[in-house]
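A.B. asks:
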Amino acid sequence: MTKEEIINRFIGKFGSDIEVMEIDQPEPYLYISKQEYHELCEFAKSDPELDFDLLFQLGGVHYPDDRFEVVLCLASHEKIHKAAVKVKLDKDNPEIETVSDVWRAANWFEREALELFGIKFTNHPDPRPLLLYEDWDYGYPMRKGWTGPDFIPMPEK
Amino acid sequence: MGLIEKAPAYIERLPGGGIVTTTMDWVLNQSRASSLWYMLFGLACCAIEMMATGASRYDFDRFGMIFRASPRQADLMFVAGTVTHKMARRVKLLHEQMAEPRYVIAMGGCACNGGPFYYDCYSVLKGIDQIIPVDVYIPGCPPRPESLMEGCLKLQQKIKKEKLSDWASDRKKA
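One line per chain: the protein sequences are A and B, in this order. So the first sequence is numbered by the numbering used here: it starts at 1 and just counts up by one. So the second sequence is numbered by the numbering used here: it starts at 1 and just counts up by one.
#1: Taking all protein chains shown into account, decide if LEU55 of chain A is buried (16 or more other Cβ within 10 angstroms of its Cβ) or exposed.
#2: Classify GLU146 of chain B as buried or exposed, calling it buried when 16 or more other Cβ atoms lie within 10 Å of its own Cβ.
#3: What does ILE152 of chain A reach in chain B if we use C-beta pairs closer than 9 Å?
#4: Output needed in chain order: residues of the region 63–86 of chain B with a Cβ under 7 Å from some Cβ in chain A.
#5: Could you tell me how far apart the beta carbons of ILE105 of chain B and GLY151 of chain B are, in whole angstroms, since I believe they sit closer than 8 Å?
#6: In angstroms with no decimal places, state the Cα-to-Cα distance between PHE52 of chain A and VAL102 of chain A.
#7: What residues of chain E sit near LEU132 of chain A, judged by a beta carbon separation below 9 Å?
#8: Leaving out the 5 sequence neighbours to the left and right, which residues in its chain are closer than 7 Å to PHE60 of chain B when beta-carbon positions are compared?
#9: So within the region 43–128 of chain A, which uninterrupted alpha helix (DSSP H) runs reach at least 4 residues, ignoring any that extend past its ends?
#10: Rounded C-beta distance between LYS120 of chain A and GLU95 of chain A? I'm assuming under 8 Å.
#11: Does the beta carbon of GLY15 of chain A sit closer than 9 Å to a beta carbon anywhere in chain B?
#12: Taking LYS86 of chain B as the reference, which of A:GLY12, A:ASP135, A:LYS34, A:TYR140 has the closest Cα?
#13: Would GLU112 of chain A and LEU89 of chain A qualify as a contact pair, given that the criterion is a beta-carbon distance under 9 Å?
#14: Report all residues from its chain with a CB closer than 8 Å to the CB of ARG9 of chain A; omit the five preceding and five following residues, and keep chain order.
#15: Cα-Cα, which of A:MET21, A:PHE14, A:HIS38 is closest to LYS3 of chain A?
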């Protein structure tokens, strides 16, 4: 499917909950509201036209103006198309429903985002830390302005 | 008999067989320096260069260096690559599992002082010498096999200068 066809397919199902990013990329970039997020993911996977059977990336983002987003990159093996789905989160309590029941791949990505950004994924089956060392107790290192032991900021030029 | 001629030795010419008198230091140091068996252990891209050095084109075998897949049988550890805080405690454990005398070569910028991960990094140890003693530092990202071999020759020179009495006094300090 082309970029426009994918966008129209999503908008046909979710209507005004979808906000399309104006960006010069071959894939569509969509913002979805937090409430419709899980339903959109189920739809993206199960819909025979879209057929997004591969979640190849799920990541957190902390922007310099202090807001969080979750970004999902989806692809279809069969249809050979891609899409990116983004969700805006509260800056004080970044929390969103898990999609690890839709794509199993999301399990570890969500554990990573929880550990590095502190984004909580509700109903996650196994929210243990994944990457940092065992007795890590210094917060979420990928957040802006984080400092910790043995951390040397880049000197100003 | 080339080796014996180089040795600081006195050869008794007695009927029935040669008796060599030399120092214990020389014999031990010569054998330690000439058979540095290194641990089969790599952490990142430097390990690829280490493998190339071990393979036939550059050939560590020339120095009597063979890899051992166990720290218990190894004399030398190349810390080849980026050491994260999570890996640091494993590296320390492996170093402790090696039998003395044991030597460490910090290979590449990451193992020397954190290299490209020195600034703005939460996960990388800024130099392996914070956790284990290092004998030779080899800079480079990654170092060429020639640099690695130069480092090994430097280590051999260092080993040949050792004295048994130093080991004894080191043991007392520890």
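Note that CB positions come from ideal geometry on N, CA and C, so glycine has one too. These figures come from a predicted structure and were not determined experimentally.
C.D. replies: Checking against the coordinates, here is how it stands:
#1: Against the first sequence, residue 55 of chain A aligns to sequence position 55. By the neighbour-count rule (16 or more Cβ atoms within 10 Å), LEU55 of chain A is buried.
#2: Residue mapping note: residue 146 of chain B aligns to position 146 of the second sequence, counting from 1. Burial call: exposed.
#3: By one-based count along the first sequence, residue 152 of chain A stands at place 152. Per Cβ cutoff of 9 Å: GLY114, TYR118, TYR119, ASP120, CYS121, LYS126.
#4: HIS85, LYS86
#5: Looking up residue 105 of chain B in the second sequence gives position 105. Looking up residue 151 of chain B in the second sequence gives position 151. Contact flag correct, Cβ pair sits at about 6 Å.
#6: Taking the first sequence and counting its residues from 1, the one referred to as residue 52 of chain A is at position 52. Taking the first sequence and counting its residues from 1, the one referred to as residue 102 of chain A is at position 102. Approximately 11 Å, taken between the alpha carbons.
#7: In the displayed structure, chain E is absent; the protein chains listed are A and B.
#8: Mapped onto the second sequence, residue 60 of chain B falls at position 60. Once the five neighbours on either side are set aside, the close Cβ partners of PHE60 of chain B are THR53, GLY54.
#9: The region 43–128 of chain A contains these whole alpha helix (DSSP H) runs: 106–117.
#10: The residue given as residue 120 of chain A occupies position 120 in the first sequence. The residue given as residue 95 of chain A occupies position 95 in the first sequence. Sure, about 4 Å apart at Cβ, within 8 Å.
#11: For the purposes of this step, residue 15 of chain A is identified with residue 15 of the first sequence, where counting begins at 1. No, because no Cβ of chain B sits closer than 9 Å to the Cβ of GLY15 of chain A.
#12: Numbered from 1 along the second sequence, position 86 holds the residue referred to as residue 86 of chain B. Closest option to LYS86 of chain B, Cα to Cα, is A:ASP135.
#13: Position 112 of the first sequence, counting from 1, holds the residue named residue 112 of chain A. Position 89 of the first sequence, counting from 1, holds the residue named residue 89 of chain A. No. Outside cutoff.
#14: In the first sequence, counting from the first residue as 1, residue 9 of chain A sits at position 9. Counting only Cβ-Cβ distances below 8 Å, and skipping sequence neighbours, we find MET1, ASP47, GLU49, LEU50.
#15: Translated into the one-based positions of the first sequence, residue 3 of chain A becomes position 3. Of the candidates A:MET21, A:PHE14, A:HIS38, the one whose C-alpha sits nearest the C-alpha of LYS3 of chain A is A:MET21.
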